[in-house]
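In the order they appear, the protein sequences are chains L and R. Count along the first sequence starting at 1, add 10, and that's the number in our numbering. Count along the second sequence starting at 1, add 10, and that's the number in our numbering. Scroll down for the structure; my scribbles are underneath it.
There are 2 protein chains.
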Amino acid sequence: MPEGTPTIYDIAREAGVSIATVSRVVRGEENVSKKTREKVQAVIQSRNFMPSSLARGMSSRRSYTLGIVLPRLTNPNYAEIFTGASEEARSRGYHISMFPWQSLIDPQGNQALTLASWRLDGVIICVEYTPENQGETLIRSLEALRSYMPVVLIGCVPQCLQYPAITYHMAEIVRQSVSYLTELGHEKIALIGGMEADQDESRRDVGYLEGLADHKLPFISSYRVFCRGTPEEGEKALDAILDGLMPAYWPTAVLALNDLVAMGLYRSAKKHGLSIPNDLSIMGCDNIVSAAYLSPALTTIDMCQQALGKRAVDLLLCGEDMRQRAEWKLVERESCGPVPQRL
Amino acid sequence: MPEGTPTIYDIAREAGVSIATVSRVVRGEENVSKKTREKVQAVIQSRNFMPSSLARGMSSRRSYTLGIVLPRLTNPNYAEIFTGASEEARSRGYHISMFPWQSLIDPQGNQALTLASWRLDGVIICVEYTPENQGETLIRSLEALRSYMPVVLIGCVPQCLQYPAITYHMAEIVRQSVSYLTELGHEKIALIGGMEADQDESRRDVGYLEGLADHKLPFISSYRVFCRGTPEEGEKALDAILDGLMPAYWPTAVLALNDLVAMGLYRSAKKHGLSIPNDLSIMGCDNIVSAAYLSPALTTIDMCQQALGKRAVDLLLCGEDMRQRAEWKLVERESCGPVPQRL
DNA sequence: AATTTTGATGAAAACGCTTACAATACTGGT
DNA sequence: ACCAGTATTGTAAGCGTTTTCATCAAAATT
């Protein structure tokens, strides 16, 4: 079927001009006479001609296309980043296309630079540390990729890499979250964190410890656990904390890795007969759409993902080698309340 | 920066062979002596050589890349489709990349076939009818696109187009949903539907009417409304129904367009003092991850989106011109219950 | 009217691969 | 040692654009 695709030659012949002229018309160059332009445009319309980006990219070495790679789409908040990036790109005349994580690193842990082969004008990579993709492989892939196109990183940026990036200041976020909870009277605060790179500022556990210290609260190791960012894992994680402790020692507030995990916590809490926020306060992170519709509505950190996507495109296109911080704000809803008065 | 990107010539020179040989090694052809192969591979490794997909695509007219275009990513269920498609593609040696809806139709309603310019090996298009993209423009875009690459449609397929497709049998789904609710004793069932193409089988309202008829229930026009697929719109839609009717005439069950809308219904119900499912039963559609974590957990239709994504790739690659039906199943949770006994 | 300037067009060489097809280097059988 | 047959390698012609440079006609200047 893709046989009849017309080329610039077909158009040129049919319009009785040279291919150079067709090329000029297609790219909207000025120096073509009105008459010729109209003639050519007519033929283009009638043949539904669409110049090949491949050929264009080859000869001009620009594709006006960016790439974005996201770890998983099962977390709706990556979708937000994509949406933001996509809008910004479009408004600047660029096209953006999303590549799965495997185009960077395949499931066997090899670098699989499908991405590099496309010779894009740049790529945004949203890095999430998981046990599988830490360290070596990731770093090698990124370095190799970078020799092919400009790269902007979002999220957790490995210490040793000096890339333009927009980073999450997770330590600070968690620290302030702890503050927020202590103001509500909580002293037994648990943290369900993730794997968070080697960079202090992107580590929740670092901020957690700081937060506790700020308020002279002891660090209780069974209050800090790590898990993956899914509801199931969240549920298990809280189960583990609660089942391992006498009720008297149960935390009164939990900081979750993200909203998905928070949803899992809701279920675990229910199972253990805890009402939110009366017996247990829960705080999420990301502010995904559903967060507002849980009951009780989830108090969480809005990570402004759309804005983040936009800024990433911006950074990529301006070409400066900067590291910026992502914005965020706490959104208070109903899942955090005053510490329960146990009698 | 993207200056130093090595070409096949660089590799050839450095390895002391011809470019044809390098090409053979890169593509893993058999007929290269072991010695040569190793020599070339070493150079490829050391230079981090990644052949240009552009050049490759041009000369071979295959890219081993598929496209997928989804209307919006704000509905997590599209993410599921992508995930499924992505996995299936990979297992068949293809790469898949996602394009935003604007690469098909731009916001001004013009066809913007960025997609066509990439000369992909095929593309999956997930069609959602909205007031903006109905009819003409969409159809013209699809037709034009199809002359460039094979197309498989998912979702609501315009009547007049004979494309290979996997369609939702919405009419049947809604009809059976009505049955399910009548078995619980409901007689006042509302439908919050969407814009659903011109095809009977993809129209919820058609199935709704059939369902009512099956059970000899009257059609009450204020019970049927249309809305867009967001929580906000859902909330408004139910508000409108409830506010427009005396409580005695309020529906006892509502069928929602999708789970996002259902979440909006929860909020509206709460606002009107209705408890779910005691006063009002709610049924969603899609079975997004969050659905299971609402309280009460949402009874919904699992649209098996991952499987759908896989099947779409399958259909695209097998090249047959078939129309299939998407699978689905009702998942019972807590949001639907027996009809309230009003005294 | 002759000359210069300007504007519109065309010819041809890249761009980095694949892929016939041709050429060469081996192999084993005599 | 010779030849056919086979395995390996190289040559060169595309693929569909952009872009530089040259050409040519028309308009502007003298």
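Every residue, glycine too, gets a C-beta built ideally from N, C-alpha and C.
**Item:** Cα-Cα separation, L:Pro12 to L:Arg23
**Value:** Residue confidence is low: L:Pro12 scores 46 on pLDDT, short of 50, so the model does not pin down where it sits. Its coordinate-derived value is still stated next. Their Cα atoms are separated by approximately 20 Å.
**Request:** Using a Cβ cut-off of 7 Å, pull out every chain L residue sitting near R:Asn58, in sequence order please.
**Result:** Ala154 and Ser157
**Prompt:** With 8 Å set as the bound, which would you pick, yes or no: does the beta-carbon of R:Ala126 sit closer than that to a beta-carbon of chain L?
**Reply:** yes
**Message:** If I measure Cβ to Cβ from L:Thr309 and keep anything under 6 Å in the same chain, skipping five residues before and after, which residues do I get?
**Reply:** Met293, Glu342, Arg343, Ser345 and Cys346
**Message:** Tell me the residue span of the beta strand (DSSP E) that contains L:Pro348.
**Reply:** Run containing L:Pro348: none; DSSP gives neither H nor E here.
**Request:** Report yes or no: do three or more beta-carbon pairs, one from the segment 250 to 264 of chain L and one from the segment 72 to 83 of chain L, lie closer than 8 Å?
**Result:** no
**Prompt:** Going along chain R in order, which residues have a C-beta closer than 9 Å to the C-beta of L:Phe92?
**Reply:** Leu83, Met108 and Pro110
**Message:** DSSP three-state label for L:Ile134, please.
**Reply:** strand
**Message:** Taking its Cβ as the centre, do 16 or more other Cβ atoms sit within 10 Å of L:Ser300, making it buried, or is it exposed?
**Reply:** buried
**Message:** Can you give me the C-alpha to C-alpha distance between R:Gln118 and R:Gln112, rounded to a whole angstrom?
**Reply:** 10 Å
**Item:** Segment limits, alpha helix (DSSP H) that includes R:Val188
**Value:** Met180 to Glu193
**Asked** Between L:Gln51 and L:Val27, which are expected to be in contact by the criterion C-beta below 8 Å, what is the C-beta distance as a whole number of angstroms?
**Response** That belief does not hold up - the Cβ atoms of L:Gln51 and L:Val27 are roughly 12 Å apart, past 8 Å.
**Request:** Under 6 Å Cβ to Cβ from L:Ile282, same chain only, skipping five residues before and after it: list those, please.
**Result:** Going by the sequence as given, residue 282 of chain L is His instead of Ile. Leu252.
**Prompt:** Where does L:Pro110 sit, in a helix, a strand or coil, going by DSSP?
**Reply:** strand
**Request:** Show which residues of chain L have a CB atom less than 9 Å away from the CB atom of R:Met68.
**Result:** Ser62, Leu64, Ala65 and Met68
**Message:** When you compare the CB positions of L:Gly145 and L:Ile202, do they come within less than 8 Å of one another, or not?
**Reply:** no
**Asked** Taking just the CA atoms, how far does R:Ile199 sit from R:Ile176?
**Response** 29 Å
**Request:** Return the residues of the segment 267 to 284 of chain L that lie within a Cβ-Cβ distance of less than 8 Å from chain R, sorted by chain order.
**Result:** Leu270, Met273, Gly274, Tyr276, Arg277 and Lys280
**Item:** Proximity to R:Arg66 [Cα-Cα], best of L:Leu327, L:Met332, L:Leu326 and L:Thr124
**Value:** L:Thr124
**Asked** For L:Glu211, which residues from the same chain have a beta carbon less than 8 Å from its beta carbon, with the 5 sequence-adjacent residues on both sides left out?
**Response** Thr177, His179, Met180, Ala181 and Glu182
**Asked** Going by alpha carbons, who is nearest to R:Pro86 out of R:Met332, R:Arg150 and R:Cys295?
**Response** R:Cys295
**Message:** Between which residues of its own chain and L:Glu337 is the CB-CB distance below 7 Å, once the five residues before and five after are set aside?
**Reply:** Cys314 and Ala317
**Prompt:** Who are the neighbours of L:Ala22 on chain R, taking C-beta pairs under 7 Å?
**Reply:** Ordered by position in chain R, no residue passes the 7 Å Cβ test against L:Ala22, which lies about 18 Å from the chain.
**Request:** Give the residues of chain L in contact with R:Arg34, contact being defined as C-beta atoms less than 9 Å apart.
**Result:** Result: empty, since nearest Cβ-Cβ is about 18 Å, beyond 9 Å.
**Request:** For R:Phe92, collect the residues of the same chain with a Cβ closer than 7 Å to its Cβ; drop the 5 residues on either side in sequence, then sort them by chain order.
**Result:** Ile78, Leu80, Met108 and Gly319
**Message:** Taking the straight line between their C-alpha atoms, what separation do you get for R:Ser305 and L:Lys226?
**Reply:** 37 Å
**Request:** Please classify L:Arg57: does DSSP put it in a helix, a strand, or coil?
**Result:** helix
**Message:** Judging by CA-CA distance, which residue of L:Pro257, L:Leu191, L:Leu222 and L:Leu290 is the nearest neighbour of L:Leu340?
**Reply:** L:Leu191
**Request:** Could you tell me the distance, in whole angstroms, from the CA atom of L:Glu39 to the CA atom of L:Thr31?
**Result:** 9 Å
**Prompt:** R:Ala89 versus chain L: which residues are under 9 Å apart at the beta carbon?
**Reply:** Arg82, Leu83, Thr84, Asn85, Pro86, Tyr88 and Ala89
**Item:** Any beta strand (DSSP E) of 3 or more consecutive residues that is wholly inside the segment 225 to 292 of chain L
**Value:** 234 to 236 and 263 to 266
**Option nearest L:Glu206 by Cα separation, candidates L:Arg321, L:Arg238, L:Leu155 and L:Pro16** = L:Arg238
**Prompt:** Any beta-carbon of chain R closer than 8 Å to the one on L:Gly14?
**Reply:** yes
**Message:** Output needed for L:His196: all residues of its chain with C-beta closer than 7 Å, excluding positions within five of it in sequence on either side, in chain order.
**Reply:** Thr262, Ala263, Ser291 and Val349
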